[in-house]
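Undergrad: One structure, as structure tokens, below. Some questions next.
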Amino acid sequence: MAPAASESYGRSPMSEACAGTLQDLLGDLDRAAEAGRKAATDVRPDHGPRIMTAAEEGLRAAWRPPPSRNKEDVKREMQADRARNFARFGKQAGSDFEPACSKRLKPRVLDPWTEERKDVPDRTFAKSYSTIQFHAHSEPLPEPHSSLCSKHYQEVLRQHQRERDKHINPVYHALQRVKKVEEQLQNHEYKRQLTRDMVSRSAALALPTYSNNVKSTLAKARRAIATGRQFGLAVGVDRLVQEEDRDKARLEKAKSAPALALHPQTPQGAAKHLRNWTGPDHPARCLREST
1 MAPAASESYG RSPMSEACAG TLQDLLGDLD RAAEAGRKAA TDVRPDHGPR IMTAAEEGLR
61 AAWRPPPSRN KEDVKREMQA DRARNFARFG KQAGSDFEPA CSKRLKPRVL DPWTEERKDV
121 PDRTFAKSYS TIQFHAHSEP LPEPHSSLCS KHYQEVLRQH QRERDKHINP VYHALQRVKK
181 VEEQLQNHEY KRQLTRDMVS RSAALALPTY SNNVKSTLAK ARRAIATGRQ FGLAVGVDRL
241 VQEEDRDKAR LEKAKSAPAL ALHPQTPQGA AKHLRNWTGP DHPARCLRES T
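According to UniProt numbering, the sequence shown is numbered sequentially starting from 1.
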């Protein structure tokens, strides 16, 4: 008895209360774990082990054994439970038309438009478009093209198009003519310089070796050109100067095109005022006095 008294004497009331509370907590945890294991091992009809409420369990379709082939068993079952089909399928009625979240179906309003079309065939308002579509009004015929004409008239039309382009864009074509004449003038000048250089430095150039017949032919051509030039100079005619003058005349004619003028030329017969009609100091009444 002495050791027991000494042990009881060594424990305080607070320690005994804590020990009892810990034992109760461990017991609750054990019971909860056991219930969880039992619920996890419970076989459910559809989805395997899971916990459902009583309401969900009541909505589930109950499992029934396959029907017997014996007539007596079938007759006894039908007499015992005449409302079996309703009990099996009545609580699932409407599940195909209502979503799983149990929302109400949205009502539809019978408006005058729908009421008017309830006896009208779909071809009058809901027919899809056909593959081939036509406009309600006739379309204009395509414009005729030049390939419908004869070959002679096609050439006439092409010439007309060229002349029409020159008439519509006179400045562009005038500048093209000036450019062409300048290139021709530079080409002639380059040929003259090249000829003078070859004649003046013929002894210093490394000329190719020709046969005697070729040399005699070149000598005859050179003498003929020199003789013609001498006769022209004798009568006062210089072919080189005439050619240069013709090139310069072509260039001046191309640059003096009316399309390249800064202002249009005054037509013949235009009225000439006694005073120059310029400046801000001439009101409208001066027009009658100056003409």
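Where is the CB? At the ideal position from N, CA and C, for every residue including glycine.
From a predicted model like this one, the values you see are computed outputs, not experimental measurements.
Hey, could you find the ends of the alpha helix (DSSP H) L157 is sitting in?
TA: Looking at the DSSP string, the run of the alpha helix (DSSP H) that includes L157 is 151-168.
Undergrad: Starting from D111 and walking both ways along the alpha helix (DSSP H), at which residues does that stretch end?
TA: That residue, D111, is in no alpha helix (DSSP H); it is neither H nor E in DSSP.
Undergrad: Could you tell me the boundaries of the alpha helix (DSSP H) in which A254 lies?
TA: First-last of the alpha helix (DSSP H) with A254: 239-255.
Undergrad: By alpha-carbon positions, which one of A259, V199, K179 ends up nearest to K166?
TA: It is A259.
Undergrad: So A235 is in the alpha helix (DSSP H); what residue range does that whole segment cover?
TA: Correcting the residue identity first, residue 235 is Val in this sequence and not Ala. Unbroken run through V235: none, as it is neither H nor E.
Undergrad: Figure out for me which residue from V178, E77, D30 has the closest Cα to the Cα of A257.
TA: For A257, the nearest C-alpha among the options comes from V178.
Undergrad: Just to confirm, are C149 and L141 a CB contact at a threshold of 8 Å?
TA: Not in contact: C149 and L141 (Cβ atoms no closer than 8 Å).
Undergrad: Determine whether the beta carbon atoms of E182 and L251 lie at a separation below 8 Å.
TA: Against a cut-off of 8 Å, the Cβ pair of L251 and E182 comes out as a contact.
Undergrad: To the nearest whole angstrom, what separates the beta carbons of D247 and H188, a pair I think is in contact under 8 Å?
TA: Yes, they are in contact, since the Cβ atoms of D247 and H188 sit about 6 Å apart, within 8 Å.
Undergrad: What's the call for A174, buried or exposed, on a 16-neighbour Cβ count within 10 Å?
TA: Label assigned to A174: buried.
Undergrad: Within this structure, are the beta carbons of Q159 and S146 separated by less than 8 Å?
TA: Result no, Cβ atoms of Q159 and S146 do not sit closer than 8 Å.
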